[in-house]
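In what follows, a structure is listed as structure tokens, so that the remarks can point back to it.
Quick look at the structure:
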């Protein structure tokens, strides 16, 4: 999605299947988080896309918040936490 909030909003409004997965098994939420790290568009609003997708009913997985935190995506992590994501315990 490249952090393209307005395009994502249009797709959601037009009934895009946000639970659909690509050939690697990722869905809309996972792809938004992954792309924020590996295909970063400096003009992208990844936190906005993540918030939109979560508000549309996509459920986050337990591994997504740690992934965002491990890769310095503080804005995305804040959205995931606001939607119920649990900050993992620090290793002992």
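Numbering (the working numbering), first residue to last: 85 to 176. Cβ atoms here follow ideal geometry from the backbone N, Cα and C, with glycine treated the same way.
Put simply, the region 131 to 145 touches the region 158 to 169. At least three CB pairs are less than 8 angstroms apart. For residue 89, the enclosing alpha helix (DSSP H) has its first and last residue at 89 to 97. Excluding five sequence positions before and after residue 100, none of the CB atoms of its chain fall closer than 6 angstroms to its own CB. Buried is the label assigned to residue 132, since at least 16 other Cβ atoms lie within 10 Å of its Cβ. Under the three-state reduction of DSSP output, residue 139 falls in the helix class.
Residue environment analysis places residue 170 among the exposed positions, since fewer than 16 neighbouring C-beta atoms fall within 10 angstroms of its C-beta.
Here residue 103 carries a coil assignment [DSSP, helix/strand/coil]. Residue 114: member of the alpha helix (DSSP H) spanning 112 to 122, first to last residue.
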